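Step one of this worksheet: look at the structure below.
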Amino acid sequence: MIKCIVCDLDGTLIKKDDTIEEKTYTMLKECIDQGIEFIIATGRDINMVIDFMNDYHLDCDLILNNGAQYCNKDMTFNDIYPMDYKAFLKSVRILDEHGYLLAIHTDHGKYSLHNSEEFWNYHYQLITKGLCDKNGVLPKKTFTTKEGYLRDFHYVKTPQEIIDQGIKVLKIDARHLDASSVQGVKELLKMPELDISSSYDDNIEITSHQSNKGLLLEKVIKEKGYHKDEVAVFGDGDNDSYMLERFLYSFAPSNAGQESKKAATYQLKTNFDEGAVYEGLCLLKEKKLI
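Quick note, the sequence shown lines up with residues 417 to 706 if you use our numbering.
Following this line, the structure appears as structure tokens:
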């Protein structure tokens with residue numbers, strides 16, 4: 417029987433406006449009410465998750481920053497896997513020289529080498545390029561509002577200032593407006609101390625090699641006393657592939673990348689907008705596992 421359901425957010429459980437398809441939410445709540453534990457495993461940080469959790473009245477454990485952090489909703493416990501400082505400084509130098517917008521996620525909020533106005537303006541250009549609907553309208557969510565995205569934001573002139581303050585770096589989120597001008601940058605970032613998750617050169621996520629979603633989830637379920645065949649896992653991105661390949665009941669939506677589809681036991685027919693998680697839960701129900 418399934419005792420724990422683990423879901424990635426973007427591209428898996430939630431739609432572009434940070435909402436859950438209604439039938440998916442209803443079935444997920446039924447599972448939670450039956451005593452099945454629910455865990456979110458995402459590349460987001462706590463500030464990009466908390467509004468969504470409050471909207472849906474979810475009080476669950478969180479694997480954040482691609483596996484660099486494990487905590488509960490109110491942060492009364494917080495397990496982190498920070499980046500090596502030397503590798504952090506080297507990667508920031510490379511990315512900054514190539515004109516990336518860097519969101520440096522830490523155990524003390526989000527840091528940038530741009531002040532808040534510069535940071536928001538660049539971010540706004542990026543999201544209007546990729547998130548607008550056919551009418552040119554952005555979905556309203558934490559990620560697309562100035563108040564939400566700049567929550568717990570800090571400006572530093574140099575990355576060394578972060579280190580000097582004793583702050584732990586959990587993830588670098590590097591984005592660029594012009595993919596053609598940054599081809600091959602990922603190759604420059606290959607260091608044994610780092611884990612790089614990216615499908616494209618204009619959107620790179622960097623964490624410590626010590627942990628990822630899959631490694632951290634294995635540790636979490638062991639501590640909770642679950643067996644691997646008692647856990648159902650859902651994910652769509654490259655950063656989900658290790659998590660998907662390590663569990664028998666793993667599901668990739670139809671919009672998932674090839675690495676995730678290859679890693680997952682089940683390739684679903686529906687995408688994240690159509691309720692892919694619902695389809696996976698239905699399969700588990702048919703097998704009398706939930």
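In this text, a Cβ means the ideal position worked out from N, Cα and C, and glycines have one as well.
Just so it is clear, the structure is predicted and the values come from calculations on it, not from any experiment.
**Message:** What does the Cβ neighbour count give for ALA595, buried or exposed, with the cut at 16 atoms within 10 Å?
**Reply:** Here residue 595 refers to the residue found at position 179 of the sequence shown. Exposed: under 16 other Cβ atoms inside 10 Å.
**Inter-stretch contact at 8 angstroms, needing at least 3 Cβ pairs: the region 658-670 / the region 497-506** = Because the criterion of three Cβ pairs below 8 angstroms is not met, the region 658-670 and the region 497-506 do not touch.
**Prompt:** What number of angstroms, rounded off, separates the C-alpha of ALA668 from the C-alpha of ASP689?
**Reply:** Residue 668 sits at position 252 when you count from the first residue of the sequence shown. Residue 689 sits at position 273 when you count from the first residue of the sequence shown. As the crow flies, the alpha-carbon of ALA668 is around 13 angstroms from that of ASP689.
**Prompt:** To which residues of the same chain is ASP522 closer than 7 angstroms at the C-beta, ignoring the five residues directly before and after it?
**Reply:** Residue 522 sits at position 106 when you count from the first residue of the sequence shown. It should be pointed out that residue 522 corresponds to Thr in this sequence rather than to Asp. Closer than 7 angstroms at the Cβ level, and outside the excluded window around THR522, lie ILE578, ILE583, LYS584, VAL585 and LEU586.
**Enclosing alpha helix (DSSP H) for LEU660 [first to last residue]** = For the purposes of this step, residue 660 is taken as residue 244 along the sequence shown, with counting starting at 1. For LEU660, the enclosing alpha helix (DSSP H) begins and ends at 657-661.
**Prompt:** Which residues bound the beta strand (DSSP E) around LEU444?
**Reply:** Counting from one through the sequence shown, the residue named residue 444 turns up at place 28. Where LEU444 is concerned, there is no enclosing beta strand (DSSP E), although the alpha helix (DSSP H) around it starts and stops at 438-449.
**N- and C-terminal bounds of the alpha helix (DSSP H) containing ILE637** = Within the sequence shown, the letter at position 221 stands for residue 637. Run containing ILE637: 629-640, per the alpha helix (DSSP H) assignment.
**Item:** Nearest-angstrom Cα separation, counted from ALA672 out to GLN450
**Value:** Taking the first residue of the sequence shown as position 1, residue 450 is located at position 34. Taking the first residue of the sequence shown as position 1, residue 672 is located at position 256. Going from the Cα of GLN450 to the Cα of ALA672 covers about 29 angstroms.
**Message:** Beta-carbon within less than 6 angstroms of THR440's beta-carbon, same chain only, minus the 5 sequence neighbours each way: which residues are those?
**Reply:** Against the sequence shown, residue 440 aligns to sequence position 24. Excluding residues within five positions, the ones whose Cβ falls inside 6 angstroms are GLY691, VAL693 and TYR694.
**Request:** Just tell me which of ASP656, LYS704, GLN674 and ILE543 has its CA closest to the CA of LEU429.
**Result:** Within the sequence shown, numbered from 1, the residue matching residue 429 stands at position 13. Of the listed residues, the one whose Cα sits closest to LEU429 is ASP656.
**Message:** Just to confirm before moving on: does the CB-CB distance between PHE468 and ILE421 stay below 9 angstroms?
**Reply:** Locating residue 468 in the sequence shown gives position 52, where the first residue counts as 1. Locating residue 421 in the sequence shown gives position 5, where the first residue counts as 1. For PHE468 and ILE421, no; Cβs fall outside 9 angstroms.
**Every unbroken beta strand (DSSP E) inside the region 444-504 [3 residues or more]** = 453-457, 477-480, 485-487 and 494-496
**Request:** For ASN482, I'd like the list of residues in its chain whose CB is within less than 7 angstroms of its CB, leaving aside the five on either flank, ordered along the chain.
**Result:** Translated into the one-based positions of the sequence shown, residue 482 becomes position 66. These residues qualify, in order along the chain: GLY459, LYS587, SER613, GLU621, THR623, ASN628, LYS629 and ASN655.
**Request:** Would you identify the three-state DSSP class for GLU603, choosing helix, strand or coil?
**Result:** Taking the sequence shown and counting its residues from 1, the one referred to as residue 603 is at position 187. It is helical.
**Prompt:** In terms of DSSP beta bridges, what is GLN541 paired with?
**Reply:** Here residue 541 corresponds to residue number 125 of the sequence shown, with the count starting at 1. Per DSSP, none; premise fails for GLN541.
**Request:** Would you mind reading off the limits of the alpha helix (DSSP H) that contains GLY696?
**Result:** On the sequence shown, residue 696 is found 280 positions in, with the first residue counted as 1. From DSSP, the alpha helix (DSSP H) with GLY696 extends over 692-702.
**Request:** Pick out whichever of LEU699, ALA680, LYS431 and TYR486 has its Cα sitting closest to the Cα of GLN639.
**Result:** By 1-based counting over the sequence shown, the position of residue 639 is 223. The question names Gln, but residue 639 is Glu in the sequence shown. Out of LEU699, ALA680, LYS431 and TYR486, TYR486 has the C-alpha closest to the C-alpha of GLU639.
**Message:** Check whether the region 593-610 and the region 527-535 are in contact - that is, three or more C-beta pairs closer than 8 angstroms.
**Reply:** no
**Asked** With a Cβ-Cβ cutoff of 9 angstroms, do ILE479 and LEU664 count as a contact?
**Response** Residue 479 sits at position 63 when you count from the first residue of the sequence shown. Residue 664 sits at position 248 when you count from the first residue of the sequence shown. Cβ atoms of ILE479 and LEU664: not closer than 9 angstroms.
**Message:** Using a Cβ-Cβ cutoff of less than 6 angstroms, which residues in the same chain neighbour TYR516 once the five nearest sequence positions on both sides are dropped?
**Reply:** For this step, residue 516 is matched to residue 100 along the sequence shown. Closer than 6 angstroms at Cβ, skipping near neighbours: ALA590 and HIS592.
**Prompt:** Counting along the chain, where does the alpha helix (DSSP H) carrying ILE421 start and finish?
**Reply:** Taking the first residue of the sequence shown as 1, we reach residue 421 at position 5. Here ILE421 belongs to no alpha helix (DSSP H); instead the beta strand (DSSP E) covers 420-423.
**Request:** From the DSSP output, in three-state form, read off ASP589 for me.
**Result:** Working through the sequence shown from its first residue, we reach residue 589 at position 173. Residue state, collapsed to three classes: strand.
**Message:** Measuring alpha carbon to alpha carbon, tell me which residue in THR681, MET491 and LEU518 is nearest PHE504.
**Reply:** The residue given as residue 504 occupies position 88 in the sequence shown. Of the candidates THR681, MET491 and LEU518, the one whose C-alpha sits nearest the C-alpha of PHE504 is LEU518.
**Request:** Out of SER666, HIS625, GLY653 and GLY651, state which residue places its alpha-carbon closest to the alpha-carbon of LYS644.
**Result:** For the purposes of this step, residue 644 is taken as the residue at position 228 of the sequence shown. Ranking SER666, HIS625, GLY653 and GLY651 by Cα distance to LYS644 puts SER666 first.
**Request:** Taking 9 angstroms as the cut-off, decide whether the C-beta atoms of GLY696 and SER676 are in contact.
**Result:** As a first step, residue 696 must be located in the sequence shown, where it is residue number 280. As a first step, residue 676 must be located in the sequence shown, where it is residue number 260. No. Outside cutoff.
**C-alpha gap between LEU684 and SER670, whole angstroms** = Residue mapping note: residue 684 aligns to position 268 of the sequence shown, counting from 1. Residue mapping note: residue 670 aligns to position 254 of the sequence shown, counting from 1. Using only the alpha carbons, I get a separation of about 6 angstroms.
**Prompt:** Short check: CB of LYS431 to CB of GLU437, under 9 angstroms?
**Reply:** Translated into positions along the sequence shown, residue 431 becomes position 15. Translated into positions along the sequence shown, residue 437 becomes position 21. Going by C-beta atoms, LYS431 is nearer than 9 angstroms to GLU437.
**Item:** Secondary structure of THR560, DSSP reduced to three states
**Value:** Taking the sequence shown and counting its residues from 1, one reaches residue 560 at position 144. Three-state DSSP puts THR560 in a helix.
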